[in-house]
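Remarks on the structure that follows.
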Amino acid sequence: MPEVLLRVAGLRKRFGRGHGAHQALDDVSFDVRQGEILGLVGESGSGKSTIIRCLVGLEKEDSGEITYDGINPAEASKADLRRYRREIQMVFQDPYSSLDPRMTVGQILEEPMLVIGGFSARERRARIDELINVVGLLPEHLARYPRHFSGGQRQRIAIIRSLVVGPRVLLCDEPVSALDVSVQAQVLNLIKDMQRQLDLTVLFVSHDLAVVKYLCTRLVVLNRGVIAETGDVPAIYDDPQDPYTRALMEAVPVPDPVAERARRARRQEAAR
1 MPEVLLRVAG LRKRFGRGHG AHQALDDVSF DVRQGEILGL VGESGSGKST IIRCLVGLEK
61 EDSGEITYDG INPAEASKAD LRRYRREIQM VFQDPYSSLD PRMTVGQILE EPMLVIGGFS
121 ARERRARIDE LINVVGLLPE HLARYPRHFS GGQRQRIAII RSLVVGPRVL LCDEPVSALD
181 VSVQAQVLNL IKDMQRQLDL TVLFVSHDLA VVKYLCTRLV VLNRGVIAET GDVPAIYDDP
241 QDPYTRALME AVPVPDPVAE RARRARRQEA AR
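Residues in the sequence shown are numbered from 1 upward in steps of one, following full-length UniProt numbering.
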């Protein structure tokens, strides 16, 4: 069993006060293991993005604990917090708003290394050249602005930006939901390739269960801020235990529903 790299324990988060308050997270706990792609799924408003925002410090949890490789960011020293911020990076949902339109691609990719520090000019350039080559961008693209690129290209640039500082964990918050279906697979394959090549651990947030099934090895299913079910992808897809999970699975479109039901029945029978 791979070691636990990132742990969320008893996380609670409430927005607002009084009768209008919303309990976004209620005692949420799960582990992310070294080298896996863990899917965090649920409908809009289930609390998925709130978890991600707590992990990167954009929201402060009301209670509970986050630990990464022995570091609790709420109590960490400056050195440990610096390491936490370097080794956990995020890919945002919208490639159009997540890239500064006033900066060239080269400046966008160099900025995280300047903020983190510790990279010479030569190291920064070498790291950028290495990663743009992996995703099929050319050196001349570095002088262009985000407006010159398609949505899929922009998300590739955003992925490179998250990788230039050498993270161990990649948090992906609905990274393909704003893209055309025709380019979603390209971006998903890039994430999968980068995960293998760089030995990344990935927490992948999505409401699209077909995407999660393709990419992830384990799932955490959220329902209104509470974990409904966790488990390996094949087990949950073939035999979901929670009624909410079953409803989600039944809503996934399949080319041949009758054949799919028969396949699940065969797997369940074999498991018995």
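Glycine included, each C-beta is placed from N, C-alpha and C at the ideal position.
Span of the beta strand (DSSP E), counted from its first residue to its last, around residue i
i    : result
N223 : R218 to N223
D232 : V226 to D232
L81  : That residue, L81, is in no beta strand (DSSP E); its alpha helix (DSSP H) goes K78 to E87.
E6   : Glu is not the amino acid found at residue 6; the sequence shown has Leu there. Its beta strand (DSSP E) spans residues V4 to F15.
L203 : T201 to S206
A21  : A21 -> no beta strand (DSSP E), and no H or E assigned at all.
Same chain, Cβ closer than 8 Å to residue i, five either side skipped, listed in chain order
i    : result
S63  : G10, L11 and R12
L179 : P95, G151, G152, Q155 and V187
A21  : R14 and F15
E59  : K13, T50 and R53
E61  : L11, R12, K13, L25 and C54
L131 : L109, I160, L163 and V164
I227 : V28, S29, F30, V220 and V221
Buried or exposed (CB count within 10 angstroms, at least 16 for buried), residue i
i    : result
P243 : exposed
K48  : buried
S46  : buried
D232 : exposed
N133 : exposed
V105 : buried
P139 : exposed
V258 : For V258, the pLDDT reaches just 46, beneath the cut-off of 50, and the residue's location in the model is therefore unreliable, although a value from the coordinates is still provided. Under this definition V258 is an exposed residue.
P2   : exposed
V115 : exposed
G42  : buried
V91  : buried
A251 : exposed
L93  : Contrary to the premise, residue 93 reads as Gln rather than Leu in this sequence. That one is buried.
V181 : exposed
Cβ pair residue i, residue j closer than 9 Å
i    : j    : result
L40  : V187 : no
L163 : Q89  : yes
Q102 : Y68  : Rather than Gln, the amino acid found at residue 102 in this sequence is Arg. Against a cut-off of 9 Å, the Cβ pair of Y68 and R102 comes out as no contact.
L25  : G225 : yes
S29  : V56  : no
L171 : I66  : no
M249 : L209 : yes
L215 : V135 : no
G166 : R86  : yes
Residues near residue i by beta carbon distance below 7 Å, same chain, minus five either side
i    : result
V176 : Q184, V187, L188 and V211
L99  : I108, P146, R154, I157 and A158
Y84  : Y68, I71, P73 and A76
Q34  : P2, E3, L5 and T201
Q23  : R14 and G225
A143 : T104 and G106
Residue interval of the alpha helix (DSSP H) (run including residue i)
i    : result
L109 : V105 to I116
L188 : V181 to L198
A247 : P243 to E250
Y214 : L209 to L215
Residues of its chain near residue i, where Cβ-Cβ distance is below 6 Å and the 5 sequence neighbours each way are ignored
i    : result
E110 : R124
L38  : V32, L203 and R218
F119 : M113
R127 : V164
I236 : L219
Next on the checklist: Please give me, in chain order, every unbroken run of the alpha helix (DSSP H) with length at least 4 that falls completely inside the stretch 36-64.
Outcome noted: The stretch 36-64 contains these whole alpha helix (DSSP H) runs: 48-55.
Next on the checklist: Going residue by residue through the stretch 112-177, where are the continuous alpha helix (DSSP H) segments of at least 4 residues, counting only ones entirely within it?
Outcome noted: 121-134 and 151-163
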